[in-house]
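Asks: Before we start, here is the structure in question, set down as structure tokens.
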């Protein structure tokens, strides 16, 4: 594996037993997107809104970035 790449959590198990699949850990978001799309969208909207609030309080949210994030939220709500 090259430097800078993520080592899957089961890499040691794979080395001990090469027949065990060598796979990257699935994030809950990627699975939830397909299992429960409505819950995924609600969670994603909450994450983006929290991000906007943090950026606004820090004073680092540009108008263009805010417009982009609001469009993203509108697409998730559609």
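Numbering (the working numbering), first residue to last: 643 to 720. Each residue gets a CB set at the ideal place from its N, CA and C atoms; glycine is no exception. Since the structure is predicted, the reported quantities are computational estimates derived from the model, not experimental observations.
Which two residues bound the contiguous alpha helix (DSSP H) that contains residue 711?
Replies: Where residue 711 is concerned, the enclosing alpha helix (DSSP H) stretches over 705-719.
Asks: For the ligand PLP, is there any heavy atom lying closer than 7 Å to the beta carbon of residue 718?
Replies: The model depicted lacks the ligand PLP and carries no ligand whatsoever.
Asks: Flag this pair as yes or no: are the beta carbons of residue 690 and residue 711 separated by less than 8 Å?
Replies: Cβ distance < 8 Å, so residue 690 and residue 711 count as in contact.
Asks: To the nearest angstrom, how far is it from the Cα of residue 696 to the Cα of residue 707?
Replies: Each residue's Cα considered, the two are about 13 Å apart.
Asks: Ignore the nearest five residues each way along the sequence and tell me which others in residue 681's own chain have a CB closer than 8 Å to its CB.
Replies: Answer for residue 681: 674, listed in chain order.
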